[in-house]
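J.: Structure incoming, see below.
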Amino acid sequence: MTHQFLMYFQKRLYLKKALGLFFIAVALLFTVPSVVQAQSMADLSSIKVDDLSDAQIQELIRRANEAGLTEFELIQMARLRGVSEVELEKLRGRIEKMEFSGSGGRPGATPSKREPRRQNDLNEITEGLFKEQDDLGIFSEEPSPYFGGDIFYNKKRRLSFEPNLNVATPKNYVLGPGDLIYIDVYGQSEKYYEATISSDGFILLDNVGPVGLSGKSIEDAAIIIKNRLSNFYTGMTGPNPNTFMQVTLGNVRTIKVHLVGEVRLPGTFTLSAFSTVFNALYAAGGPNDNGTMRKVKIVRDGKIVSTVDIYDFLVNGNANLNFQLKDQDVVMVDPFLSRVSVLGEVKRPKIFEVKEGETFEDLLKYAGGFTDLAFKDRVNVIRITGKEKAVSDIFNEQFSIFTVKGGDEYTVGKVLNRFANRVQIKGAVFREGNFSLTEGLTLSQLIKNADGIRGEAYLERASILRTFDDLTTSVISVNLRGILEGTTPDIPLKREDVVRISSIYDIQEEFYVQVTGEVKNPGTYPFSKQMTAEDLIILAGGLRESANVNDVEIARRSATAESGTFSELIPIKINIGLDIQENPVILQPYDNVVVRRKPNFTLNKQVQIEGQVNSPGIFSVQSAEERISDVINRAGGLTPYAYTKGATLIRRTEFFDTESEQLRRQRNLQDLQQKLQRDPNNTEAQELLLQRLFLEIGNVDLGTSEGAIAAQSKKEAITGISETKADLAPLRIRQTEAVAIDLEEILKNPGSDKDLILEEGDVISIPRQLQTVRLRGDVVYPATVRFEKEKGTKFYINRAGGFDIRANRKRTYVVYANGEVARTKSFLGLRSYPAVAPGAEVIVPTKGPRVPVRPGEIVGIATALATLALVITQLTP
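Residue numbers (my numbering): 26 to 902.
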């Protein structure tokens, strides 16, 4: 009765407190500046939810949560104060649609401050190992020879065994000091608790008091907490509860685990309470080369509570994750039990640790089984006896009963590289390769198995290479045609016979024909029977424009044995259309069809005239005898300002890089192609022409220009001469040079020797009237001065300051405007300087450097003079 009275009293106090908090929350709501600020406590029933902003509703929910009110309680109390059902539904909808991620909780609950589950208080070594094992860098990264030896410390691997903290809390997890507990109460009533188990094993809940949980599983802890909270939340009990509770584990506590024995880094490690023995071994780098991997012991309170076989994980994937370590557990790694090695054709040729009683079948499982090339019927083993080694063989049926022993060395051999029933066929058959030797197989049957012989097969002879038991061989020659026709007995085949059927092309030279000269694509082409010259020319792309169809010959290898006769020349005539002729000459293998060029055929030759003519520009050469005067007349003659004495002809040398006819033709075709591409309204014929141009431009043979070979030979000769002369500077090979002409004399006497015949690329340059003279070289002040009539060379040199100190006066020369050169002449010490004309250049060379006379040379000269004087005195009577 007393207990019921207390429960009733508590419920009254709780309801009274809740009503008071509701009024506080509503009052706080109306203290926010808004459209409802004018409303009072008396007219709450007329509140309009649409007039409230999201920020105002969030503030109302936050204040109500701080006062301990849930969403349901807030709505119920608003209904008691007279708020209409329509506005209550709007308020409930607004609250449900809001995002409360920033507060970390849901509407009506205390904002959650929980973080993702993590592990705190790990020591430095453990943290480093769980990341990249940097503390194990002192160990070699070479693969361990022991099976599983590098699983815990090889940096190239990413198997860290780190416990996953983002999993549901195991129901059998035992709580202890340091564990963080989250308690969620939801339903009719909502509440959130967060508490850490103290070192005494208790959690402290607001208004509830201490609850002892240490040593309890998470499932048992949930029952204890629910019993305590049900005193305050009556909705948790009864046949139809409306309040529920959930207990989850927050941040996990840490435990101290000791790793001793044959580990790489023995010591005490701080690990997660979720850790297993694999996590602990990873932290310590795993067993060292002397440690066991088959019997790792876990010691708890001085007793062995479990043993772990790492091979069970490596082979079967069983990590025994249900067994978790506890605080102060000891992981003991003893020295290895026994080891054997497996070599040869297994998938894991390594050293393995074996337990007592294991068989070779178990060992083979650890080694991954046989490879595809393994000889599985017998395995060789070397075993250590009392004082020496012994060799034994294990046969296939003994694998499951043969017990392995420490120190054993097993070798799995390879299958023999030989065939038990193979025959081969090669050559002119449709399917070459290996075939099975069946009983009674003959040569003709093997050919049928190879889908028959090809058309070019040589039927008069085939060979069979036969291998005997002593590995000697012999060749059996057969008449293949007779065997296939049935006139010759068939040949039975034996193991390792190799049948070779030759092609007719294997026993003769490859036939070909050639075409050279004026065809589009000269070269070598395959020979075919009954081929004519026209057929070959069509294969070569047809004739060029320059082809002389009346001068075609076939050069055929001479069939006579006479010495000095190399080929037979057969002249033929073809039509420009390459049509079929009666009784054409049939080509034979290795014939060379030569299509010569038309006499005097050439593309348009062009010259250029620039300067003082009435119509300067580019002119086509009309005939082989066209001269300078002819082109000047075609250009309309000279202008009144022309300076004929300065006219120059610029001519290409033999070293000019002249375009070949093919290259020039290709450039013209490219120009035509571009114009057709720019026109969007091409006819069907023009489109076909454009397609042909694409093919022809890509396949054209650019060839070489006329005289290119001779020019190259001369160029190499000149370069060789300059290289062999140490005192000769490298010669400059020019592609063009100026030719001095006397235009006045040419125009007076057209057709004379001075009226030069024009060549391809000539440029005639006629300047305006010139009025200056240029002075260059070793004068005091090189300059350009005004021309004055009847003045000599020395006058102009004086205009430039006269000769300099090192001037070589007697070698002074004048270069005239037309390119002619005149030098200074000397007679009996008198110098005659050349005349100067407008546009001329006066050039004064420099004397060579002075070479001082050495004392030894002076003595030599004096001695020579004294000897000469003595000889003279002796000759004088």
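We put the beta carbon where it would ideally sit given N, CA and C, even for glycine.
Small disclaimer: the values here were computed from a predicted structure and weren't measured.
Enumerate, from N- to C-terminal direction, the unbroken alpha helix (DSSP H) stretches of 4 or more residues contained entirely within the region 229-307.
T.: DSSP runs (the alpha helix (DSSP H)) wholly in the region 229-307: 243-254.
J.: Between the C-alpha atoms of residue 381 and residue 326, what's the straight-line distance to the nearest angstrom?
T.: Cα to Cα, residue 381 sits roughly 28 Å from residue 326.
J.: Could you check if residue 702 is buried or exposed, using at least 16 other CB atoms within 10 Å of its CB as the buried criterion?
T.: The residue in question, residue 702, is exposed, as its Cβ has fewer than 16 Cβ neighbours within 10 Å.
J.: For residue 541, tell me which candidate among 822, 76 and 569 has the shortest Cα-Cα distance.
T.: That would be 569, whose Cα lies nearest to the Cα of residue 541.
J.: So within the region 325-390, which uninterrupted alpha helix (DSSP H) runs reach at least 4 residues, ignoring any that extend past its ends?
T.: The region 325-390 contains these whole alpha helix (DSSP H) runs: 335-341.
J.: Can you tell me whether DSSP reads residue 850 as helix, strand or coil?
T.: Residue state, collapsed to three classes: strand.
J.: How would you call residue 753, buried or exposed, if buried means at least 16 neighbouring beta carbons within 10 angstroms?
T.: With a pLDDT of 49 at residue 753, under the threshold of 50, the predicted position of this residue should be treated as unreliable, and no value is reported.
J.: Rank 204, 248 and 341 by C-alpha distance to the C-alpha of residue 276 and give the top, closest one.
T.: The residue with the shortest Cα to Cα distance from residue 276 is 204.
J.: Using only the alpha-carbon positions, how far apart do residue 259 and residue 268 sit?
T.: One C-alpha to the other measures close to 8 Å.
J.: What are the boundary residues of the alpha helix (DSSP H) that includes residue 470?
T.: That run of the alpha helix (DSSP H) goes 468-474.
J.: Identify whether residue 215 lies in helix, strand or coil by the three-state DSSP scheme.
T.: Reduced to three states, the DSSP call for residue 215 is coil.
J.: Please name the residue in 429, 400 and 415 whose C-alpha comes closest to that of residue 440.
T.: The candidate whose alpha carbon is nearest that of residue 440 is 400.
J.: So the candidates are 390, 573 and 595; which of them puts its Cα closest to the Cα of residue 581?
T.: For residue 581, the nearest C-alpha among the options comes from 595.
J.: Can you tell which of 282, 217 and 822 has its C-alpha closest to the C-alpha of residue 271?
T.: Ranking the options by Cα distance to residue 271, first place goes to 217.
J.: Which residue from 527, 426, 597 and 229 puts its Cα closest to that of residue 387?
T.: Ranking 527, 426, 597 and 229 by Cα distance to residue 387 puts 426 first.
J.: On the criterion of 16 or more Cβ atoms from any shown chain inside 10 Å, does residue 151 qualify as buried, or is it exposed?
T.: Confidence in residue 151 is poor, its pLDDT being 49 and thus under 50, which makes the residue's placement unreliable; the coordinate value appears in the next sentence. Residue 151 comes out buried.
J.: For residue 241, count neighbouring Cβ atoms within 10 angstroms of its own Cβ and tell me buried if that reaches 16, exposed if not.
T.: So residue 241 ends up on the buried side.
J.: Would you grab the beta carbon distance between residue 620 and residue 543 for me? Rounded to a whole angstrom, and I think it's under 8 Å.
T.: The Cβ separation is near 5 Å, so the contact holds.
J.: Roughly how many angstroms separate the alpha carbons of residue 298 and residue 313, rounded to a whole number?
T.: Cα to Cα, residue 298 sits roughly 25 Å from residue 313.
J.: In three-state DSSP terms, what is residue 871?
T.: Residue 871: strand per DSSP, three-state reduction.
J.: Report the residue ranges of all alpha helix (DSSP H) runs contained in full by the region 766-843; include only those spanning at least 4 residues, in chain order.
T.: Listed in chain order, they are 768-773 and 818-824.
J.: When you compare only the Cα positions, how much space is there between residue 767 and residue 779?
T.: Rounded to whole angstroms, residue 767 to residue 779 spans 7 Å at the Cα level.
J.: Enumerate in chain order the residues of its own chain whose CB-to-CB distance from residue 156 is below 6 Å, with the five nearest sequence positions on each side excluded.
T.: Confidence is the limiting factor: at residue 156 the pLDDT is only 41, short of 50, which leaves the residue's position unreliable and the question unanswerable from this model.
J.: What residue does the alpha helix (DSSP H) around residue 510 start on, and which one ends it?
T.: Here the alpha helix (DSSP H) through residue 510 covers 505-510.
J.: Provide the residue span of the beta strand (DSSP E) that contains residue 459, from first to last.
T.: It spans 458-461 - the beta strand (DSSP E) in which residue 459 sits, taken as one unbroken run.
J.: Closer than 8 Å by C-beta to residue 888: which residues in its own chain qualify, once you throw out the five before and the five after it? Chain order, please.
T.: Within the same chain, residue 888 has no close Cβ partners at all.
J.: Which value, in whole angstroms, describes the spacing of the CA atoms of residue 648 and residue 867?
T.: Cα to Cα, residue 648 sits roughly 40 Å from residue 867.
J.: For residue 599, name the three-state secondary structure that DSSP assigns.
T.: Reduced to three states, the DSSP call for residue 599 is coil.
J.: Output the distance between the C-alpha atoms of residue 819 and residue 861, rounded to the nearest integer angstrom.
T.: When rounded, the distance between both Cα atoms is 10 Å.
J.: Which residues mark the beginning and the end of the alpha helix (DSSP H) in which residue 899 is found?
T.: It spans 880-900 - the alpha helix (DSSP H) in which residue 899 sits, taken as one unbroken run.
J.: Compute the Euclidean distance between the alpha carbons of residue 536 and residue 615, then round it to the nearest angstrom.
T.: Cα to Cα, residue 536 sits roughly 7 Å from residue 615.
J.: Please classify residue 973: is it buried, with 16 or more other beta-carbons within 10 angstroms of its beta-carbon, or exposed?
T.: Outside the shown range of the chain (26 to 902) lies residue 973, about which nothing can therefore be said.
J.: With a threshold of 16 other CB atoms inside 10 Å of the CB of residue 171, please say whether the residue is buried or exposed.
T.: Residue 171 is buried by the Cβ-count criterion.
J.: I'd like the span of the beta strand (DSSP E) that includes residue 404, first residue to last.
T.: Per DSSP, residue 404 belongs to the beta strand (DSSP E) from 403-409.
J.: Should residue 899 go down as buried or exposed, given a rule of 16 or more other Cβ atoms within 10 Å for buried?
T.: It is exposed - the Cβ of residue 899 has fewer than 16 other Cβ atoms within 10 Å.
J.: Once the 5 residues before and after residue 576 are set aside, which same chain residues still bring their CB inside 6 Å of it?
T.: 621.
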